[in-house]
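Chemist:
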Amino acid sequence: MSSTEPVVAQSNLSPAINTQGTPVQAKLFKITDIPAAMDAIDWPVSAALMRHWFKGQPWPTENGGMSQRVKEHAEWPPAQYIEENIVKMSWVTSFDKVQPVLAELRRSWNNAAAMGEIRKHLLKAYGDKGLGCYPLVFPNLASAVERFGYFNSRAINFSKWDSEGLNDLRGALADFNLRVAAEGNLEVHADYILFHPTTLLFYAEDNYDFNDDGTVFSQPLGFWNFDGIAPSLLEATAHNTGVDAVSRGIMQQSLFGMSAQNQRRYMDEQSKRYMLVLNSHFADYRVRYKRGGDFRVFSDLLREPLPPGTPDITLPKH
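Residue numbers (our numbering): 374 to 691.
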């Protein structure tokens, strides 16, 4: 077992009367146990995304993590580092935190800031087309919309230091982007493009990676054990204090040698201990085992028809 892997507890009890010693080793909680712990607390999307990370391969970068240019969206990632089958917008929009952001994007998909993006993307794709009418329709792949260019976007963020929104959404995506674009029909004229929008497209986008930002401390990812995640630092500390108390009681019953039954009790109790998981644990795992691949994650597309009478958008070519 590498010392860089996070473990819960490991001890060898050698009571003074027992000269041979009684090795007692608790079941070790490793970061590879986190997906099963997520399953235990009904976080299926979080579990699926983390399993996808463990199955992936490191990047051809110095530390094996996602390249900075891809992380900053300055470059498109290779296909093997894109995942767009796990996250569904029906699931994303089931969380209360998302609903007001979604509503705000419905209102602002074509606001003043968005108009610059709409003009840039549509002129790039259709500005040199011959005169005529063209459909703007995307396959059901958010990555295709992202490549074409979204019209507007809003960030959804969680606090890193408290239990706000401690649920499957936070476990899966943490801070992520909610994007919007539109489908419709275009008329290409000599001096302008006329866009008739018919449908809004919403999707979630995120980088799934475990790379710290260069600060001294690695980002905390919560206190975990085999049963799930602790709601807070205080509750994790109180729980571990209870584990210690029960473990000491078992040890005090074993001054003349620990019975097989007490060994099992001690091991079971120690396996309940919460451990703090950090980004650095995943980076260490990747270095040691040459496995674990950061990736960009996209949801599927949520399509919503625009109401009748939605204004057309005129985009001058010059």
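Just so it is clear, CB atoms sit at the ideal spot from N, CA and C, and this is done for glycine as well.
Run through DSSP, which three-state label would Val460 get?
Modeler: Residue state, collapsed to three classes: coil.
Chemist: Check Asn525 in the structure and name its three-state DSSP category.
Modeler: Three-state result, Asn525: strand.
Chemist: On the criterion of 16 or more Cβ atoms from any shown chain inside 10 Å, does Asp579 qualify as buried, or is it exposed?
Modeler: Buried is the call here.
Chemist: Out of Ala577, Lys493 and Gly522, state which residue places its alpha-carbon closest to the alpha-carbon of Tyr565.
Modeler: Among Ala577, Lys493 and Gly522, the Cα nearest to that of Tyr565 belongs to Lys493.
Chemist: Rounded to whole angstroms, how far is the Cβ of Phe468 from the Cβ of Asn540, which I believe are closer than 8 Å?
Modeler: Indeed, because the Cβ distance is near 7 Å, the residues count as touching under 8 Å.
Chemist: Here's the rule: buried if 16 or more other CB atoms are within 10 angstroms of the residue's CB, otherwise exposed. What is Pro512?
Modeler: The residue is exposed, with fewer than 16 neighbouring Cβ atoms inside 10 Å.
Chemist: Taking DSSP's pairing of strands, which residues face Asn484 in a bridge?
Modeler: Answer is none; Asn484 lacks a bridge partner.
Chemist: What's the gap between the Cα of Leu649 and the Cα of Pro508?
Modeler: Rounded to whole angstroms, Leu649 to Pro508 spans 52 Å at the Cα level.
Chemist: With 16 other CB atoms within 10 Å as the buried threshold, where does His654 fall?
Modeler: Answer is buried; the Cβ neighbour count reaches 16.
Chemist: Between Leu674 and Tyr576, which are expected to be in contact by the criterion C-beta below 8 Å, what is the C-beta distance as a whole number of angstroms?
Modeler: Contact flag correct, Cβ pair sits at about 5 Å.
Chemist: If you draw a straight line from the alpha carbon of Ser526 to that of Asn598, how long is it in whole angstroms?
Modeler: Whole-angstrom Cα-Cα distance: 36 Å.
Chemist: Where does the unbroken alpha helix (DSSP H) through Val418 begin, and where does it stop?
Modeler: Pro417 to Lys428 is the span of the alpha helix (DSSP H), which, as asked, contains Val418.
Chemist: Say whether chain D places a C-beta atom closer than 8 Å to the C-beta of Asp685.
Modeler: In the displayed structure, chain D is absent; only one protein chain is listed.
Chemist: Give me the residue from Ala487, Phe668, Lys461 and Leu567 with the minimum Cα distance to Glu448.
Modeler: It is Phe668.
Chemist: Does DSSP put Arg669 in a helix, a strand or coil?
Modeler: The answer is strand: DSSP assigns Arg669 an E or B state.
Chemist: List in chain order: all unbroken beta strand (DSSP E) runs of 3+ residues lying wholly within the region 535-617.
Modeler: 549-561, 565-581 and 593-598, all fully within the region 535-617.
Chemist: When the distance is taken between beta carbons, is Tyr523 closer than 8 Å to Val553?
Modeler: Yes.
Chemist: Provide the residue(s) that pair with Thr687 in DSSP beta bridges, ordered along the chain.
Modeler: DSSP, once it has assigned bridges, lists Leu567 as partnering Thr687.
Chemist: If we call anything under 8 Å between Cβ atoms a contact, is Gly665 one with Pro433?
Modeler: No, the pair does not count as a contact, with Cβ atoms beyond the cut-off.
Chemist: What's the call for Ala611, buried or exposed, on a 16-neighbour Cβ count within 10 Å?
Modeler: By the 10 Å Cβ count, Ala611 comes out exposed.
Chemist: Return yes when the Cβ of Asn550 is within less than 8 Å of the Cβ of Asn652, no when it is not.
Modeler: No, the pair does not count as a contact, with Cβ atoms beyond the cut-off.
Chemist: Just confirm the distance between the C-beta atoms of Ala421 and Asp600, as a whole number of angstroms; I'd bet it's less than 8 Å.
Modeler: Actually they do not touch by this definition, with Cβ atoms about 19 Å apart.
Chemist: Taking Val561 as the reference, give the member of Thr614, Val418, Pro689 and Pro681 with the closest Cα.
Modeler: Checked all of Thr614, Val418, Pro689 and Pro681; the closest Cα to Val561 is Pro689.
Chemist: Please classify Ile407: does DSSP put it in a helix, a strand, or coil?
Modeler: Reduced to three states, the DSSP call for Ile407 is helix.
Chemist: Mind reading off the beta-carbon distance from Glu692 to Phe671? Whole number of angstroms is fine, and I expect it under 8 Å.
Modeler: Only positions 374 to 691 of the chain appear in the structure, and residue 692 is not among them; the question remains open.
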